[in-house]
Amino acid sequence: MRISVLLQIFVTFFLFNSCVKNTDFEQANEIAFTPEIEANLIYFDLSANTFFDANNGTPDITIRDVTELEFLDSEEITGNIQKIEFFFDFNNSIQRVFNVKFEFLDKDDVVTYTMETEVSASNSGVPVRTVYIEVVESQDVRAIEGSRKMAAIITIPESNASLTGTIKLQSKATYFIEY
Amino acid sequence: MRFLLTYCIAFIATVSISAQNKQLLYGLENVPQSLMLNPGGEVYTQKHIGVPLLSGIHINAGMSGLTAFDIFEDDGRDINDKIRNQILELSPKDFFTLTQQIELANIGWRSQFGAYFTAGWYQEMDFIAYFPKDIAILATEGNRDYINYPFDISHINVRGDVTSVFHIGINKQVNKKLTIGIRGKLYSSIVSANSTRNKGTFTTVNSTNGLNVYEHRVEDVDVNIRTSGLNKLLDLNGNEIGVVKKMLGRSIFSGNYGLGVDLGFTYLITDKMRLSASALDIGAIFHMADIETINVSGDYSLNGIELVYPQVENGEELIPYYDDLKDDVYDNLNVETTRGAYLQTRPLKINAQLSYNFGNFLGGDVCDCLKKGLIRRVNETGVHLYAIARPRGPQTAGTFFYRRRFGANFSLKGSYTIDSYSSDNIGTAISLDINKFNFYIAADNLLRLDNLAKANSVSLQLGLNLKWDQE
Chain A
2 MRISVLLQIF
12 VTFFLFNSCV
22 KNTDFEQANE
32 IAFTPEIEAN
42 LIYFDLSANT
52 FFDANNGTPD
62 ITIRDVTELE
72 FLDSEEITGN
82 IQKIEFFFDF
92 NNSIQRVFNV
102 KFEFLDKDDV
112 VTYTMETEVS
122 ASNSGVPVRT
132 VYIEVVESQD
142 VRAIEGSRKM
152 AAIITIPESN
162 ASLTGTIKLQ
172 SKATYFIEY
Chain B
79 MRFLLTYCIA
89 FIATVSISAQ
99 NKQLLYGLEN
109 VPQSLMLNPG
119 GEVYTQKHIG
129 VPLLSGIHIN
139 AGMSGLTAFD
149 IFEDDGRDIN
159 DKIRNQILEL
169 SPKDFFTLTQ
179 QIELANIGWR
189 SQFGAYFTAG
199 WYQEMDFIAY
209 FPKDIAILAT
219 EGNRDYINYP
229 FDISHINVRG
239 DVTSVFHIGI
249 NKQVNKKLTI
259 GIRGKLYSSI
269 VSANSTRNKG
279 TFTTVNSTNG
289 LNVYEHRVED
299 VDVNIRTSGL
309 NKLLDLNGNE
319 IGVVKKMLGR
329 SIFSGNYGLG
339 VDLGFTYLIT
349 DKMRLSASAL
359 DIGAIFHMAD
369 IETINVSGDY
379 SLNGIELVYP
389 QVENGEELIP
399 YYDDLKDDVY
409 DNLNVETTRG
419 AYLQTRPLKI
429 NAQLSYNFGN
439 FLGGDVCDCL
449 KKGLIRRVNE
459 TGVHLYAIAR
469 PRGPQTAGTF
479 FYRRRFGANF
489 SLKGSYTIDS
499 YSSDNIGTAI
509 SLDINKFNFY
519 IAADNLLRLD
529 NLAKANSVSL
539 QLGLNLKWDQ
549 E
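Residue numbers (the numbering used here), protein chains in the order written: chain A, 2 to 180; chain B, 79 to 549.
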């Protein structure tokens, strides 16, 4: 049975001589992907008469609109966002300073997080740019992750029927994710 | 007993590592399973019975362009940097494959007319996934550093099949020089899924229409996912026993059947030169039960959500911007689910081998050669070529081998293979007959045995048969 001895040697060689060297599979615990995702957010282009109710002849000092952002409280991302950088880019050709407030709301419409900025007035109808950046981290991110909606509230100090120009917003968010 | 134990340990220890290409087993005429690789191989056997479940075991895992060592080397570098570098270095033509076969039955017998019949049943799993490079970049790095870069959706290319195969074959030595064989196969698809013909791009571009900061564009998308036999398994919601029961039932009655043939020949050019070739799995499966085909097609450009501040009185509903957006996406990206039957070809495999035999004749063969033409000598060396049809075109391998026979009952084969995975793959095979038992084992990538982490693929086949040689 010399042949079977040979076979034993072969199998043994294969079993015990094959191994994995100079590797550290514990490193698997350290694997973390950190994608940075750029995504558009809301935008608007509102003319001055949005702030004046022609039917009643009265100014609308504060206007508010809301959109759902369902993805914010989705299971896929909850807990994985490390940081959000909001970027709001206003162009205002109305000769008024605006106050703009962004509110995040949960499903019961309770405000979870607020951002607020002033938009510079135009001097002579030439558009003036105002860039507002807000970086949200740690607990505040958790608050936003628990939200479902975003409201944008625009306040003009005074308006009348003859006011002209437009206020425009373009916005995006950068989500810093780790998973 | 000790032999069996060793055998079991060898099996358990190697299931995790083993290749689609069975260059080591091809042409090993003492092993009945070599007929599965060339139905027109030479047969010196009167009859054989494979030991059920143990006669043919084959498992392969391979990844081109990447080894575990590349990622897990203990070199002090940050593993995430290494992964990032590997993702950038790999190409969408790199692939991962996993193949497994197990024979449930394999028998053969020689008829009184001299033909050798074979019949059997085996189960096969075959999975290939090309590296979805752009999707991996998007998932791991995001689009921030890739503004204006079109992420290519066609990088998604995956196919997986679990199939049960019944076969019956005939092998006949036609004259002194030529042996031919053919095998008919009945396929029963246990589960099958593929997404191999996709196209389209996803690009985030700086806005060209002035509406918002970016435009997120999905362009010229056509994504197809076809599954057969999957939904009913998913319906079982992870009930493992239920899944196993269903899969076992389907190995005979799946409702998704197919037909195929294997063809092969061996030709003695001179008494020393042998040429042989085979084509395996020329066939297709007609999927008609439990089918789902999902198609997504169209174009879409996303600007974000435009707030229009409608004049609303108290109690009036707000504009459902988000739902409108979703509707808009669905309107533009046409999602269709259909259940029409479809035909899927089997992955065709081609083998060809040219060998030169030299040295003394094998004891029993001397007289045979005068009578029948079959001659075996103690040394054999040659080249073997292999190709398999894959979703992105054929994958090929070339092998040089040397084989030494120590009598009719024991032979050793060494091989050097160049394939899609590597260019220095050394393998060896042993075939051994002890009394009526035939045992074979073939292993690949021996140069990596001292450190399996460096191997792109390792192949191992083994099996145990009962065999009665020709008088």
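Glycine included, each C-beta is placed from N, C-alpha and C at the ideal position. Source: prediction; values computed, not measured.
- Only those residues of the region 285-309 of chain B whose C-beta falls short of 7 Å from the nearest C-beta of chain A are listed: Leu289, Asn290, Val291, Tyr292 and His294.
- Within the same chain, Cβ atoms closer than 8 Å to the Cβ of Glu86 of chain A are found at Ile134, Glu135, Val136, Val137, Ala174, Thr175 and Phe177, the five residues on either side in sequence being excluded.
- Not flagged as an interface residue toward chain A: Phe515 of chain B, since no C-beta distance is shorter than 7 Å.
- Taken residue by residue, none of the region 129-140 of chain A has a beta-carbon sitting less than 8 Å from a beta-carbon on chain B.
- Against Asp110 of chain A, chain B offers no close residue; the least beta-carbon distance is about 11 Å (beta-carbon pairs closer than 8 Å).
- The continuous stretches of beta strand (DSSP E) do not include Val291 of chain B, and DSSP gives it neither H nor E.
- With at least 16 other beta carbons inside 10 angstroms of its own, Thr68 of chain A counts as buried.
- Taken in chain order, the complete alpha helix (DSSP H) segments of 4 or more residues contained in the region 200-237 of chain B are 211-219.
- At a beta-carbon threshold of 9 Å, none of the residues of chain A lie near Asn534 of chain B; the nearest stands roughly 14 Å away.
- Met351 of chain B: member of the beta strand (DSSP E) spanning Met351 to His365, first to last residue.
- Residues of the region 22-38 of chain A with a Cβ closer than 8 Å to any Cβ of chain B, in chain order: Lys22, Asn23, Thr24, Asp25, Phe26, Gln28, Ala29, Glu31, Ile32, Ala33, Phe34, Thr35, Pro36, Glu37 and Ile38.
- A contact is defined here as three or more CB-CB pairs under 8 Å, and the region 187-203 of chain B meets this definition with respect to the region 237-246 of chain B.
- For Phe105 of chain A, the enclosing beta strand (DSSP E) starts and ends at Phe99 to Leu106.
- Cβ contact annotation for Asp349 of chain B (same chain, cutoff 6 Å, sequence separation greater than five): Ile453, in chain order.
- Between Asn41 of chain A and chain B, the shortest Cβ-Cβ separation is below 7 Å.
- Neighbours of Phe45 of chain A across chain B, judged by C-beta separation under 9 Å: Glu384, Leu385, Val386 and Tyr387.
- In the structure shown, Asn184 of chain B falls within a strand segment according to DSSP collapsed to helix, strand and coil.
- When only Cα atoms are considered, Pro117 of chain B and Ile347 of chain B end up about 19 Å apart.
- Under the criterion of beta carbons closer than 8 Å, Ile185 of chain B and Ala193 of chain B do not qualify as touching, at roughly 15 Å.
- Residue contact check for Lys173 of chain A against chain B: a CB pair falls below 7 Å.
- In summary, the residues of the region 194-220 of chain B whose CB is separated from some CB of chain A by less than 7 Å are Ala217, Thr218, Glu219 and Gly220, in the order they occur in the chain.
- DSSP, reduced to helix, strand and coil, places Ala174 of chain A within a strand of the structure shown.
- Here the alpha carbons of Tyr408 of chain B and Asp402 of chain B stand approximately 10 Å from one another.
- When C-beta atoms of the region 87-101 of chain A are compared with those of the region 425-438 of chain B, fewer than three pairs fall below 8 Å, so the two segments do not count as touching.
- Not a single CB atom of chain B sits nearer than 7 Å to the CB of Glu86 of chain A.
- Around the C-beta of Pro158 of chain A, fewer than 16 other C-beta atoms lie within 10 Å, and the residue is accordingly described as exposed.
- Here Asp74 of chain A is actually not in contact with Tyr114 of chain A; their C-beta atoms are around 13 Å apart, not less than 8 Å.
- The beta-carbon of Glu117 of chain A is placed no less than 7 Å from the nearest beta-carbon of chain B.
- Asn161 of chain A sits in coil when the DSSP states are folded into three classes, being neither helix nor strand.
- If you draw a straight line from the Cα of Phe147 of chain B to the Cα of Ala207 of chain B, it is about 20 Å long.
- One finds Glu39 in chain A with Cβ atoms closer than 7 Å to the Cβ of Thr282 of chain B, taken in chain order.
- Against chain A, the CB of Asp522 of chain B has no partner CB under 7 Å away; the residue lies outside that interface.
- Using a 10 angstroms sphere on the CB of Val243 of chain B, the tally of other CB atoms reaches 16 or more, which defines it as buried.
- As computed with DSSP, Arg65 of chain A is found in a beta bridge with A:Ile154.
- The Cβ atoms of Asn290 of chain B and Gly382 of chain B lie closer than 7 Å to each other.
- In summary, Pro388 of chain B is exposed, with fewer than 16 beta-carbon neighbours lying within 10 Å of its beta-carbon over all protein chains present.
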